[in-house]
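Numbering (our numbering), first residue to last: 39 to 251.
Structure below.
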């Protein structure tokens, strides 16, 4: 009697999505990413590339999650603050394939100078939340001392930003008189000469490098 063919149980495969995580803190480790993205669902895999020569992290990572969870993560974690940096979260595309153009959000980045070294990000956020919705707050920290560098950047809608500049420029916080104006990319010429770059050189409205005087 012929043997009955055994039916193979087909394991249902979960559709998954690999995400690219950019602008990552060099202090971020695999465990930190797992903990952060677990808020949005199941983390299936995390890969943090390291420089082969120096052994240092390369400032980005890849996180794989079930497709539905990944959609939630991209929606909520893109531009979120993670270990002091505003991270970029998007679907990882095959090499050579370009991402579709994102809808440009109408926003203004404000430079907030002369901040006390004792001021915390939460204090800055609380102050500016009084003038509208905040998209992002970035308080640069000194990589050697771990202390605030005496300035910050707050991103808001143009209308809210204009109101915030009007109300907070010259405002006293933690014993310091704040300087608040619209930040511009370094090299951008305008009458205020206020500019910044994504490196360590940031400039205030009078063209001087940002510092806590």
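Just so you know, even glycine gets a beta-carbon here, dropped at the ideal spot from N, CA and C.
Validate contact between the stretch 194 to 214 and the stretch 123 to 130 using beta carbons, cut 8 Å, 3 pairs: Taking 8 Å as the limit for Cβ pairs, the verdict is that the stretch 123 to 130 does not touch the stretch 194 to 214.
Residue 220: which of 190, 210, 211 and 213 sits nearest, CA to CA?
Out of 190, 210, 211 and 213, 190 has the C-alpha closest to the C-alpha of residue 220.
task: Give the straight-line distance between the Cα atoms of residue 6 and residue 112, rounded to the nearest whole angstrom.
output: An answer regarding residue 6 cannot be provided, because it is not within the stretch 39 to 251 covered by the chain.
Please say whether residue 120 and residue 95 have beta carbons closer to each other than 8 Å? No, Cβ-Cβ distance for residue 95 and residue 120 is not below 8 Å.
* Within 8 Å, strictly: CB atoms of residue 201 and residue 151 -> No; because the gap between Cβ atoms is not below 8 Å, this pair is not in contact.
**OP:** Identify every residue that forms a DSSP beta bridge with residue 128.
**Re:** Looking at the DSSP output, residue 128 shares a beta bridge with 58.
- Task: Excluding the 5 residues preceding and the 5 following residue 122 in the sequence, name in chain order all residues of the same chain whose CB lies nearer than 7 Å to its CB.
- Result: The answer, listed in chain order, is 63 and 179.
As assigned by DSSP and simplified to three states, the class of residue 29: Coverage of the chain is limited to positions 39 through 251, which leaves residue 29 absent and any answer about it impossible.
How big is the Cα-Cα spacing for residue 88 and residue 147? Residue 88 and residue 147: Cα-Cα distance of roughly 31 Å.
Top-ranked residue by Cα proximity to residue 158, from 176, 145 and 171 = Considering only alpha carbons, the answer is 176.
(message) Bridge partners for residue 191 per DSSP, in chain order?
(response) Looking at the DSSP assignment, residue 191 forms a beta bridge with 149 and 176.
- prompt: Which first and last residues belong to the alpha helix (DSSP H) in which residue 74 is found?
  reply: Here the alpha helix (DSSP H) through residue 74 covers 68 to 75.
Residue 149 versus residue 53 - alpha carbon distance: Straight-line measurement puts the Cα of residue 53 at about 43 Å from the Cα of residue 149.
- Item | Where the beta strand (DSSP E) containing residue 102 begins and where it ends | For residue 102, the enclosing beta strand (DSSP E) stretches over residues 99 to 104.
For this session: Report the option in 173, 164, 184 and 187 whose CA atom is closest to the CA atom of residue 145.
Result: It is 173.
Q. Going straight from the alpha carbon of residue 203 to that of residue 212, what length do you get?
A. If I take the Cα positions, the gap works out to 18 Å.
Next item on the list: Taking only the alpha-carbon atoms, compute the straight-line gap between residue 166 and residue 86 and give it to the nearest angstrom.
Entry: Cα-Cα distance, rounded: 34 Å.
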